[in-house]
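Each remark here refers to the structure printed beneath this line.
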Amino acid sequence: MNNIALGYLSAGIGAGLAVMGAGLGIGRLAGDALSGVSRQPSAGGDIRTTMIIAAALIEGVCLFAEVICIILATK
Amino acid sequence: MKRLLLIGLGLSLMVGAVAAHADESGPSRATAGAENAKGEKGEPSVSDVIFGHVSDEHEMEFQSPFGGEVKIDLPRIPHAFGIEWLDLSITKHTVWMWVAAILVVLIFALGRPRSITPSGFGIVLETLVLFVRDEIAKPTIGDTDYKRYTPYLCSAFFFILVCNLLGVIPYTATPTGNISVTAGLALFTFIVTQAATIRVAGVGGWLAHLTGGVHWALWPIMIPIEIMGLFAKPFALALRLFANMIAGHIVIFYLLALIFIFRSVLIAPASVFLAVCIYMLEIFVALLQAYVFTMLSAVFIGLGVASGHHGHDEHSDQGEHEAKPAH
Chain A
1 MNNIALGYLS AGIGAGLAVM GAGLGIGRLA GDALSGVSRQ PSAGGDIRTT MIIAAALIEG
61 VCLFAEVICI ILATK
Chain B
1001 MKRLLLIGLG LSLMVGAVAA HADESGPSRA TAGAENAKGE KGEPSVSDVI FGHVSDEHEM
1061 EFQSPFGGEV KIDLPRIPHA FGIEWLDLSI TKHTVWMWVA AILVVLIFAL GRPRSITPSG
1121 FGIVLETLVL FVRDEIAKPT IGDTDYKRYT PYLCSAFFFI LVCNLLGVIP YTATPTGNIS
1181 VTAGLALFTF IVTQAATIRV AGVGGWLAHL TGGVHWALWP IMIPIEIMGL FAKPFALALR
1241 LFANMIAGHI VIFYLLALIF IFRSVLIAPA SVFLAVCIYM LEIFVALLQA YVFTMLSAVF
1301 IGLGVASGHH GHDEHSDQGE HEAKPAH
């Protein structure tokens, strides 16, 4: 395979890996948040806020990798 | 029944908007010849068109209802004030950023509550501002200083919200989809955070934080690392907002470009359906990213204020005792 094909391939694999990591992380976060809410429903509002913040941070890291993959794929 | 009608109206609006996106990128370019994914024939490739749409340009384009294209050439100011690298051209994103700023000012000037019991649109504005103050500023910055930093947080929240939502309307551009705009916003957060720390701890205290409280022999190692950590947080803020906004647009454009890549109309229903779903997600992400940016700014300001208080151990008891009765 020549270099350009390897570049495109790596961009695709990188994007997939990044999304996989983010999906696992946020899924686990959501699961723990749900069990927390089920144990103490009155803390639902606080848990929801914290969950959204943590999900946005994790997704931010995933998007760093996506931006790198997009730059790699188009240049 | 009314609810069904409303939902149907909303969905059809979104499908129309998605169609407008496809209209933007499709016929005006594809009439010159079908696009192919790699641009081998020298015609604009899919990624060129999409990135041309999403990135900054020196002209603004609209599709007029009479079937043509309207291009407005924007003023270029390549070397402002005689400085070579200072390019202050007014580009597409700059114009939409100004539109967003004027919209925010107008919304608050016209919609602000006239009396202590607001009515109409004033209720919405008051709810949002109170949300920023009570849910974002007060828990993170603490009871002492939150009123001082709430105006900045409100400005950041509403400006980013309007900027993000502007990108949802067809034929506009997302100002926060430009890394320079988000870098500017993160720079403001950085300045406010450092000003908060310096205000509480003094410049000496702020410099003391850079050393991290280790033995002075370790300072040459510690200070560069601390300085890098100081800049890492605003950098992450800028990049997170930028990437979230750009990613939504790129996905929608690519889903619609599938129709042109496959060169058949049969893929259109699936493609448009997926594009509408991502469209709805993008509206949610616009709101969420404005909230997250403001929340993280508040957290950084709160950290700065708290570490400033913490550094002055002999003054902190007095500070807290003074603050509580005055509250």
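Chains as they are written, first to last, in my numbering: chain A, 1 to 75; chain B, 1001 to 1327.
For glycine and all other residues, C-beta sits at the position ideal for the given N, C-alpha and C.
Nothing here was measured: the structure is a model prediction, and the numbers come from that model.
Residue-chain proximity (residue 1240 of chain B, chain A), Cβ-Cβ < 7 Å: With 7 Å as the cut-off, residue 1240 of chain B counts as an interface residue toward chain A.
Spatial neighbours of residue 1249 of chain B in its chain, beta-carbon cut-off 7 Å, leaving aside the 5 residues before and after: 1054, 1167, 1174 and 1177
Partners in chain D for residue 74 of chain A, counting only beta-carbon separations shorter than 7 Å: Within the model displayed, chain D is absent; protein chains A and B are what it includes.
Limits of the alpha helix (DSSP H) - the one that residue 1092 of chain B falls within: From DSSP, the alpha helix (DSSP H) with residue 1092 of chain B extends over 1092 to 1111.
Residues bridged to residue 1293 of chain B [DSSP beta-bridge criterion]: Paired residues: none, contrary to the question.
Proximity of residue 1203 of chain B and residue 1014 of chain B at Cβ, strictly below 7 Å: Cβ distance not < 7 Å, so residue 1203 of chain B and residue 1014 of chain B don't count as in contact.
Environment of residue 1050 of chain B [buried if 16+ CB atoms lie within 10 Å]: In the assembly as shown, residue 1050 of chain B is a buried residue. Its beta-carbon has 16 or more other beta-carbons within 10 Å.
Which of helix, strand or coil DSSP assigns to residue 1329 of chain B: Given a span of 1001 to 1327 for chain B in the structure shown, any question on residue 1329 of chain B remains unanswerable.
For residue 75 of chain A, the three-state DSSP class (helix, strand or coil): Coil at residue 75 of chain A, not helix or strand.
Neighbourhood of residue 1140 of chain B by C-beta, 6 Å cutoff - its chain only, sequence neighbours within 5 removed: 1298, 1299 and 1302
For residue 1073 of chain B, the residue or residues it bridges with in DSSP: B:1059
Where residue 41 of chain A sits in the DSSP three-state scheme: It is helical.
Candidates B:1287, B:1078 and B:1059: closest to residue 1069 of chain B by CA position: B:1059
Uninterrupted beta strand (DSSP E) stretches inside the segment 1183 to 1210 of chain B (no shorter than 3 residues): none
Classification of residue 1287 of chain B by the beta-carbon crowding that lies within 10 angstroms, buried from 16 upward: exposed
Contact with chain A by residue 1208 of chain B, beta-carbon distance below 7 Å: With a threshold of 7 Å between beta carbons, residue 1208 of chain B makes no contact with chain A.
Cβ pair residue 55 of chain A, residue 26 of chain A closer than 7 Å: Yes, the Cβ-Cβ distance between residue 55 of chain A and residue 26 of chain A is below 7 Å.
Residues from the segment 1165 to 1186 of chain B in contact with chain A, defined by Cβ distance under 7 Å: none
Sequence-distant residues of the same chain with beta carbon closer than 7 Å to residue 1137 of chain B, five excluded per side: 1146, 1149, 1150, 1153 and 1298
Chain-ordered chain B contacts of residue 52 of chain A [CB-CB under 9 Å]: 1288, 1291, 1292 and 1295
Alpha carbon of residue 44 of chain A to alpha carbon of residue 1190 of chain B, nearest angstrom: 32 Å
Minimum Cβ-Cβ distance from residue 63 of chain A to chain B less than 7 Å: Yes, residue 63 of chain A lies at the interface with chain B (some Cβ there is under 7 Å from its Cβ).
Own chain residues within Cβ distance below 7 Å of residue 1010 of chain B, not counting five before or after: none
Rounded C-alpha distance that separates residue 1242 of chain B from residue 1179 of chain B: Cα-Cα distance, rounded: 6 Å.
Cβ neighbours of residue 29 of chain A in the same chain (closer than 8 Å, five flanking residues each side left out): Excluding positions up to five away in sequence, the list reads 51, 54, 55 and 58.
Cβ-based burial, residue 1280 of chain B [other Cβ within 10 Å; buried from 16]: exposed
Residue range of the alpha helix (DSSP H) that includes residue 1115 of chain B: Premise fails: residue 1115 of chain B is in no alpha helix (DSSP H) and is neither H nor E.
Whole-angstrom distance between residue 1105 of chain B and residue 1018 of chain B, CA atom to CA atom: The alpha-carbon separation between residue 1018 of chain B and residue 1105 of chain B amounts to approximately 29 Å.
Chain A within 7 Å of residue 1243 of chain B, Cβ atoms only: Any Cβ of chain A closer than 7 Å to the Cβ of residue 1243 of chain B would place that residue at the interface, and such an atom is present.
Exposure label - residue 1098 of chain B; buried when at least 16 CB within 10 Å: Under the 10 Å beta carbon count, residue 1098 of chain B is surrounded by fewer than 16 other beta carbons and is classified as exposed.
CB contact check: residue 56 of chain A to chain B, cutoff 7 Å: By the rule that beta-carbons nearer than 7 Å mark a contact, residue 56 of chain A touches chain B.
Interface residues of the segment 1222 to 1239 of chain B facing chain A [CB-CB below 7 Å]: 1236 and 1239
Rounded straight-line distance, which links the Cα of residue 1291 of chain B to that of residue 49 of chain A: 10 Å
Per-residue DSSP class, three states only, for residue 1282 of chain B: helix
Nearest-angstrom beta carbon gap, residue 1308 of chain B and residue 1201 of chain B [assumed within contact, 8 Å]: 3 Å
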